[in-house]
Structure formats: C-alpha cells, structure tokens
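Visitor: Before we start, here is the structure in question, set down as structure tokens.
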Amino acid sequence: MTHFKSRIVCNAPIVQDVWLMTVEVPETPKAGQFYNLHVEGELLPRPLSVCESDGETVTFAYQIVGKGTKKLTKLSENHTIALTGALGNGFDLDAIRPHRRVALVSGGIGIAPMVQLSKQLAGRHEVSCFCGFSEHAYLVEKLPNVKTAIGGFVTDLFDAADFDIVCACGPKGFTKAIVRKCAGAVPLLVSLDEHMACGVGACLVCACKTTNGVKRCCADGPVFWGEELAIDNEQ
Amino acid sequence: MTMNNEQLTIAGVLFKNPVIAASGTFGFGLEYCNFYDVGLLGGICTKGLTLHPRQGNSGLRVFETASGMMNSVGLQNPGILHFLEHELPEMRRFDTVIIANLGGGTVEEYVEGAVLLDASLVDIIELNISCPNVKHGGMAFGIKAEAAFEVVRAVREKCRKPLMVKLSPNCEDIVAMARACVEAGADALSLVNTFKAMAVDIKTRRVVFDNVTAGLSGPAIKPIALRMVYEVCEAVDVPVVGMGGIMCAEDAAEFIMAGAAAIQVGTANFANPHAALDIVRGLGSYKINEIRGCIRHGKT
Chain Y
1 MTHFKSRIVC NAPIVQDVWL MTVEVPETPK AGQFYNLHVE GELLPRPLSV CESDGETVTF
61 AYQIVGKGTK KLTKLSENHT IALTGALGNG FDLDAIRPHR RVALVSGGIG IAPMVQLSKQ
121 LAGRHEVSCF CGFSEHAYLV EKLPNVKTAI GGFVTDLFDA ADFDIVCACG PKGFTKAIVR
181 KCAGAVPLLV SLDEHMACGV GACLVCACKT TNGVKRCCAD GPVFWGEELA IDNEQ
Chain F
1001 MTMNNEQLTI AGVLFKNPVI AASGTFGFGL EYCNFYDVGL LGGICTKGLT LHPRQGNSGL
1061 RVFETASGMM NSVGLQNPGI LHFLEHELPE MRRFDTVIIA NLGGGTVEEY VEGAVLLDAS
1121 LVDIIELNIS CPNVKHGGMA FGIKAEAAFE VVRAVREKCR KPLMVKLSPN CEDIVAMARA
1181 CVEAGADALS LVNTFKAMAV DIKTRRVVFD NVTAGLSGPA IKPIALRMVY EVCEAVDVPV
1241 VGMGGIMCAE DAAEFIMAGA AAIQVGTANF ANPHAALDIV RGLGSYKINE IRGCIRHGKT
C-alpha cells in the first residue's frame, strides 16, 4: 500500500456514463482490491475497484455518479493522477479454491472486480457469470458463460443450489438481495459499496454492521462473507 | 526533525516538531505506518476514546461538501480498557508524543476515563468536550463555559497527566470557553473541532444524516478556525494547539503566526496520506520561534 503519482495510459467511455481508465501501476492487486484516486480539486479521494491488471497497468471501470467521477473523465492519456493502494483485502482465492462451481454475480458497475476475479479463477473452476444492468450491458464480453438481466433482477437468473460458492458485487439493494438469496443455500463472498474517506481504516466512516460487530468496509473488507453481514438492519 | 535548535514543550511534554495528527483522522497511527514512519510526527492524537466501547452512528457517516466534508461517526471506539491493552502498546513503539483523546457523557464518565488514562503510558490527555455527533459525547460540555469549567475541574482534580482541552467552535463564546477551561486547570487548549452542519438530499427530500447534523471539517472552515485560534491565543497564557482545515505547511504557518504553539492535521490525511509528514517537512523552512505569534501585539 503506497501513495504515488502515475501516468494515465487511456481513459475512454465504453457505454453511456461508464468509463475505463488504465493507469501505469507496476503491481498485481488481488481481485476485489481497490485504489483511492485523488482527483484534482476534490477533497476526498474516489475509491475504485480494480477491473483488470497485467502487472504493469491497472484498469478501473467507473460510472459517473457525481462531480469527482465527472472530473475523472476530463483526464486524458499522459495526464498524471495520484493514487493510493492497493487497498482492502479483495476476494480470498484460498477460500474459493475448494469450490468447483463458482457463480460471479454483479449489479451495475459491480461487474468491474468480476473481470479480474474471473481471470484469476480461470482453468481451475467452472465459472458462470450473472450480470444485472439498469439499461445497457458493459464489460460482459470479458467474462465467461454470461447471462445478463437488463432492468430486471439478476438474482432471478440462477438457482443457488447449482453452485458451490457465489462471489458478488453491486450496490446496496443488490447486496441485500444476494445475501438473502444465498443465505442457507450457498456460501457467499460479497464486496460492499460504501462511501469512504481515508480508505485505510482510520476514519471509520465506511462502517458496516456484521455479526462480529461493526467492521470497516475499507480495511476489514470490502469483501465479506454473506453470513457475516447484518443486512436486515441496514436502511 | 528538529525545529531550528529550539525545543517545543507543551504542558511540560517535549515535541520534536509542532505537527500532530488530529483525533479521528489517524486511527491509532498504525493505519498510516504503511506510508511513512509516523514517529516523524510531533505527536498523534488517538481516535476519541470513551469509558465503554461505542458502535457509532447509524446511516451515512460521510458527505463531501465544497472544500470540506461532514462526518457523523459518533465516537465509535473500542473503549479505554481495550485501548490500554491492545492499541496503546503498539502506539508506544512510535517515537512520538501519544495523546489520548477522551470523550464522555457525564462528568463521572470523564473522570473515570481520565483516571484510567492517568495510570497509563499516554503522554497527554486531550479532553474532548466538543464532539458534535453524539448527544452525550461531550458536546453539552462544549457549549457553555460553566459546564466546561465543571468537567475540566473534576478531571483535573483526579488526573496528574498533562491535560489539553479540545474546544468546539459551536460554543457560545470561544474566548470565555477558553478562559473557563484554563481557570479549571487545563495545561493547554486545542481548537477547533468540527462545525455543526447539515445537508439535504434533494432527490429523496430527506436529510443526509440519521442524526440530522454532522461535523464539518476541511479547508472550508480554516478562516474561521484561524480567527478563533487567534482570539484564544490573545486571551490565555497556556499553549494553544491550532487546527481546522490545515492542508499544507503554509496553512500551518498561518496558525503558528496567529500564536499557536503547535498544529493538528486532520482531514488533510484523507486527501493525501502523506499530508502530515509533508507539513513537518514544509515547516522546516520556517524559523518557528520567530514566526510564532508574529501577527500579535503589533509585531510584524
């Protein structure tokens, strides 16, 4: 985990308000880890999940949701950007290893970490992907065995009993639905989406309730076991 | 890093430089060890501690504003006993001043907490009578000078450690508050904590925070914080530790020129994890003794 400045290799839209940004980062983060991107003129950094990495660059998929992400789109090739990372723990590959049939389930931009995760699982597992979007699908061409739901419930696309483990990422409503669907049926590793400030576990603004007390999404997660999450008390 | 051969002491405690990590923004220091040797800082204030563990507030806890941020963490902390057993021994390995930030809901709770910390290896107790995010987090004591006097005196009577009182900008009169705390036995003052603020989500037509209000920090508050630090420095004789939106060494120099003995770096740690160290290095080019309080008393 370091704080550094890096060169942007490319930054372009892939569909509507979703962009891909590739930055020179000479390391290989784990799937589900994230970096804080420090946007000029914005006080707080933007935490973005790794979508792909090749040991020399890291690619982020991000959706324009506010001022900060809008500013990110203004950066072009050869601009420099300050990053902090890799942050968080990512998906525990050792926990996934014993399981043959793996479902990767995403809601919206939650597809980003699934791209890297599917690559890290390739060849060792039977991987199936289920991706939900509100309007347009994106990044699905980078995933194996994909089924998509546009405007519907991605959780309706599969039967939990057909899999040995589920890995998921998406917004809060999605997280609730996937935790309920998998409860008692199949182990679930789910990456949470929380507002953050420091990203390193110091400020305690990204707290999430678990059966083991209040945890820090950034430093203790962002990936948690579904059964750990006290999801029904949230919102 | 020494400061031009001068020695900085606050409440009898020697500081290697005037840059302190602010409570609630630096965890217990361990979280920033990956970035640099936190022993290079003048001091570290712990996350706000209470006698009993606290889970903190529900709902959204952070919201960015123009040149600032609001937080509503609500003094989430593992409790003083956990701190003494687990976090403090780790922190003591850092070659820096360890300041325990103490919150509470009643005078008795503050005193009980202070007694525990008094018997520990912390260097200074920072009495937090200014957390705006919990009903019983000390804010009640932070508004009225008489209430502050009462709690500071009660803690002072039971506590031999150096006592620094952290003031709220939400108090009725910052100078009256500062004088009351000094009269009650404070060895030093730190100010300001966050400003009570709020935000509305116009899409959902609801307030953003479950608690309705939250604490505003960052560059947005710096000019007001600076004014308050200046006024307090004019009014009291104990060392004043200034804070509020300090992002860089130049900001820190402003507070020192206003009379601050030292400064705390808070929100800046989120914008740049190296911020506090950058400020230590940036201040290295100033003769701190010469600039301290230089705007006061007609000095130039």
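Residue numbers (the numbering used here), protein chains in the order written: chain Y, 1 to 235; chain F, 1001 to 1300.
A virtual CB, placed ideally from N, CA and C, is assigned to each residue, including glycine.
Y:M1 versus chain F: which residues are under 8 angstroms apart at the beta carbon?
Guide: Taking the first sequence and counting its residues from 1, the one referred to as residue 1 of chain Y is at position 1. Here the neighbours are N1034, F1035.
Visitor: Establish whether the CB of F:F1149 and some CB of chain Y are separated by less than 8 angstroms.
Guide: Translated into the one-based positions of the second sequence, residue 1149 of chain F becomes position 149. Judged by the 8 angstroms Cβ criterion, F:F1149 is not in contact with chain Y.
Visitor: Would F:M1091 pass as an interface residue toward chain Y - the criterion being a Cβ-Cβ separation below 8 angstroms?
Guide: Counted from its first residue, the second sequence places residue 1091 of chain F at position 91. Not one chain Y Cβ lies under 8 angstroms of F:M1091.
Visitor: Along the chain, where does the alpha helix (DSSP H) containing Y:T175 start, and where does it finish?
Guide: Indexing the first sequence from 1 puts residue 175 of chain Y at position 175. Where Y:T175 is concerned, the enclosing alpha helix (DSSP H) stretches over 172-182.
Visitor: Which residue from F:T1009, F:N1017, F:G1059 puts its Cα closest to that of Y:C208?
Guide: Your numbering for residue 208 of chain Y matches position 208 in the first sequence. Of the candidates F:T1009, F:N1017, F:G1059, the one whose C-alpha sits nearest the C-alpha of Y:C208 is F:G1059.
Visitor: With a cut-off of 8 angstroms, does the C-beta of Y:V205 fall near any C-beta of chain F?
Guide: Looking up residue 205 of chain Y in the first sequence gives position 205. Yes, contact with chain F.
Visitor: For a contact meaning CB atoms closer than 7 angstroms, what does F:S1067 contact in chain Y?
Guide: Looking up residue 1067 of chain F in the second sequence gives position 67. Near F:S1067 (Cβ distances below 7 angstroms), the residues of chain Y are L43.
Visitor: Taking 8 angstroms as the CB-CB cut-off, is F:Q1055 touching chain Y?
Guide: Counting from one through the second sequence, the residue named residue 1055 of chain F turns up at place 55. It does: the Cβ of F:Q1055 has a partner Cβ on chain Y nearer than 8 angstroms.
Visitor: Strictly below 9 angstroms CB to CB, what residues from chain Y border F:Q1076?
Guide: As a first step, residue 1076 of chain F must be located in the second sequence, where it is residue number 76. Correct list: L204, A207, V214.
Visitor: Does the beta carbon of F:H1304 come closer than 8 angstroms to any beta carbon on chain Y?
Guide: The requested residue 1304 of chain F does not occur in the structure, where chain F is confined to residues 1001 to 1300.
Visitor: Need the endpoints of the beta strand (DSSP E) that F:Q1055 sits in, please.
Guide: Start at 1 with the first residue of the second sequence, and residue 1055 of chain F comes out as number 55. Here F:Q1055 belongs to no beta strand (DSSP E), and DSSP marks it neither H nor E.
Visitor: Kindly indicate which three-state DSSP category F:M1001 falls into: helix, strand or coil?
Guide: Reading the second sequence from its first residue, position 1 is the one you call residue 1001 of chain F. In this predicted model, F:M1001 has a pLDDT of only 43, less than 50, meaning its place in the structure is not dependable; the value taken from the coordinates is given anyway. Residue state, collapsed to three classes: coil.
Visitor: Applying a beta-carbon distance threshold of less than 7 angstroms, which residues of chain Y neighbour F:G1027?
Guide: Position 27 of the second sequence, counted from the start, is the residue given in the question as residue 1027 of chain F. G201, A202, listed in chain order.
Visitor: Counting only beta-carbon atoms, is Y:H38 nearer than 8 angstroms to chain F?
Guide: In the first sequence, the residue the question calls residue 38 of chain Y occupies position 38. Yes, Y:H38 lies at the interface with chain F (some Cβ there is under 8 angstroms from its Cβ).
Visitor: Taking Y:H257 as the query, report the chain F residues whose CB atoms sit under 7 angstroms from its CB, ordered along the chain.
Guide: Residue 257 of chain Y falls outside the range modelled here, since chain Y spans only 1 to 235, and no answer is possible.
Visitor: So what does DSSP say about Y:E52, is it helix, strand or coil?
Guide: Within the first sequence, numbered from 1, the residue matching residue 52 of chain Y stands at position 52. Three-state result, Y:E52: strand.
Visitor: Within 8 angstroms of any Cβ in chain Y, is that where the Cβ of F:V1360 sits?
Guide: What is shown of chain F runs 1001 to 1300, which leaves residue 1360 of chain F out entirely.
Visitor: Using the beta-carbon of each residue, which ones in chain F are nearer than 9 angstroms to Y:C217?
Guide: As a position in the first sequence, residue 217 of chain Y is number 217, starting the count at 1. Within chain F, no residue comes near Y:C217; the closest Cβ sits about 11 angstroms away, beyond 9 angstroms.
Visitor: What is the DSSP secondary structure of F:L1084, reduced to helix, strand or coil?
Guide: Along the second sequence, read from residue 1 onward, the residue named residue 1084 of chain F stands at position 84. Three-state result, F:L1084: helix.
Visitor: Report the option in Y:A137, Y:N145, Y:L192, Y:L37 whose CA atom is closest to the CA atom of Y:K176.
Guide: Numbered from its first residue, the first sequence carries residue 176 of chain Y at position 176. Taking only the C-alpha atoms, the option nearest Y:K176 is Y:L192.
Visitor: Just the C-alpha distance for F:T1002 and F:K1016, rounded to the nearest angstrom, thanks.
Guide: Taking the first residue of the second sequence as 1, we reach residue 1002 of chain F at position 2. Taking the first residue of the second sequence as 1, we reach residue 1016 of chain F at position 16. Residue placement at F:T1002 is poorly supported in this model, since its pLDDT is 43, which falls under 50; the coordinates still yield a value, given next. Taking the straight line from one Cα to the other gives about 6 angstroms.
Visitor: Quick check on Y:C129 - is its C-beta less than 8 angstroms from some C-beta in chain F?
Guide: Locating residue 129 of chain Y in the first sequence gives position 129, counting from the first residue. Not an interface residue.
Visitor: For F:D1210 and F:C1294, what's the separation of their Cα atoms in angstroms?
Guide: Here the question's residue 1210 of chain F lines up with position 210 in the second sequence. Here the question's residue 1294 of chain F lines up with position 294 in the second sequence. Their backbone Cα atoms lie some 44 angstroms apart in a straight line.
Visitor: Tell me the rounded alpha-carbon separation between F:M1247 and F:T1267.
Guide: Mapped onto the second sequence, residue 1247 of chain F falls at position 247. Mapped onto the second sequence, residue 1267 of chain F falls at position 267. One C-alpha to the other measures close to 8 angstroms.
Visitor: Name, please, each residue of chain Y whose Cβ falls closer than 7 angstroms to the Cβ of F:R1061.
Guide: Taking the second sequence and counting its residues from 1, one reaches residue 1061 of chain F at position 61. Going along chain Y in sequence order, the residues near F:R1061 (Cβ under 7 angstroms) are V205, A207.
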